[in-house]
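Numbering (full-length UniProt numbering), first residue to last: 1 to 270.
What follows is the structure, given as structure tokens:
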């Protein structure tokens, strides 16, 4: 996302070049940035953090502003630091904003990216009730200069560590963990005993991109192209799988029924 400050800086640079300044002269005079660092700001209300965005831009940070956190952005944008605006939202579907930010904190920890959480005073006072890991906190609104100073300190003190490697033999979804080598399934830390077909069904759902999977496609993938059983066989195995996972067809946590079409894996927030 290109912010207003970035565009203003680009315009100013263009005017300076027209006036006859060389890039070396601009660098020496501090008029353009020689080194930049990337900061990703996640806020459902960008206006709340506009002053911080402007302050960071003027301090030679490349700033990306997002309404919602997306794990893919960590790998594609590779920020040096995340700023998470945890303002509590009324009627938020996922509960308290800090609870909804659990995935953000987990992903940041995996990629060794430090996190600064912006809190209102009430949330700050009750911060011990949330699992915030190594994230640093700042009561917001505050002077943007204070936030910039804290961000600079966090980046200076950031340990030179290698991001945690993702175990290629482990698959996870919500509180379900599948060990591909051992062919075991755990739910909430408890072992779930599945048949080979139930295991294959679960793994197929977890490996999908959330698309609806028809009964016919599940038959082809799990049972094989040469299997001639009816589609009700799929329903029976999914019913058994749900029972073992303590899932509900009415209020599903893991596998959702799409009437007239098939099944799909539930979304993270479902």
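Backbone N, C-alpha and C define an ideal beta-carbon position, used for all residues, glycine too.
Would you mind giving the Cβ-Cβ distance between residue i and residue j, rounded to the nearest angstrom? I have them listed as a contact below 8 angstroms.
i: residue 61; j: residue 40; result: With 8 angstroms as the limit, residue 61 and residue 40 do not qualify as a contact, their Cβ atoms being about 10 angstroms apart.
i: residue 264; j: residue 207; result: About 12 angstroms separates the two Cβ atoms, so there is no contact after all.
i: residue 139; j: residue 116; result: Incorrect: roughly 12 angstroms between the Cβ atoms, too far for contact.
i: residue 191; j: residue 197; result: Contact doesn't hold; Cβ gap of about 18 angstroms is too wide.
i: residue 241; j: residue 180; result: Not quite, the Cβ-Cβ distance comes to about 18 angstroms (not below 8 angstroms), so this is no contact.
i: residue 257; j: residue 249; result: 6 angstroms
i: residue 244; j: residue 203; result: About 14 angstroms; that fails the 8 angstroms criterion.
i: residue 59; j: residue 148; result: 6 angstroms
When burial is assigned at 16 or more other CB atoms within 10 Å of the CB, is residue i buried or exposed?
i: residue 118; result: buried
i: residue 170; result: exposed
i: residue 260; result: exposed
i: residue 12; result: Note that residue 12 scores 43 on pLDDT, short of 50, meaning its location in the model is unreliable; the coordinates nonetheless yield the value given after this. Label assigned to residue 12: exposed.
i: residue 151; result: buried
i: residue 144; result: buried
i: residue 188; result: exposed
i: residue 77; result: exposed
Return the first residue and the last residue of the alpha helix (DSSP H) that residue i is part of.
i: residue 156; result: 144-156
i: residue 234; result: 232-245
i: residue 197; result: 196-207
i: residue 73; result: 71-77
i: residue 103; result: 102-110
i: residue 175; result: Where residue 175 is concerned, there is no enclosing alpha helix (DSSP H), given that its DSSP letter is neither H nor E.
i: residue 56; result: 50-58
i: residue 85; result: Residue 85 -> not in any alpha helix (DSSP H); beta strand (DSSP E) instead, spanning 81-85.
Find out if the Cβ-Cβ distance for the pair residue i, residue j is shorter than 7 angstroms.
i: residue 312; j: residue 107; result: No statement about residue 312 is possible, as the shown extent of the chain runs from 1 to 270 and does not include it.
i: residue 37; j: residue 80; result: yes
i: residue 153; j: residue 114; result: no
i: residue 105; j: residue 69; result: no
Would you mind reading off the limits of the beta strand (DSSP E) that contains residue i?
i: residue 65; result: 61-66
i: residue 40; result: 37-42
i: residue 215; result: Note, residue 215: premise wrong, no beta strand (DSSP E); alpha helix (DSSP H) at 215-218.
i: residue 263; result: 262-265
i: residue 190; result: 190-192
i: residue 125; result: Not the beta strand (DSSP E): residue 125 falls in the alpha helix (DSSP H), residues 121-125.
Taking 7 angstroms as the CB-CB limit, is residue i close to chain D?
i: residue 209; result: No chain D appears in the structure shown, which is made up of a single protein chain.
*Counting Cβ pairs closer than 8 angstroms, one from the region 76-88 and one from the region 175-194, do we hit at least three?*
no
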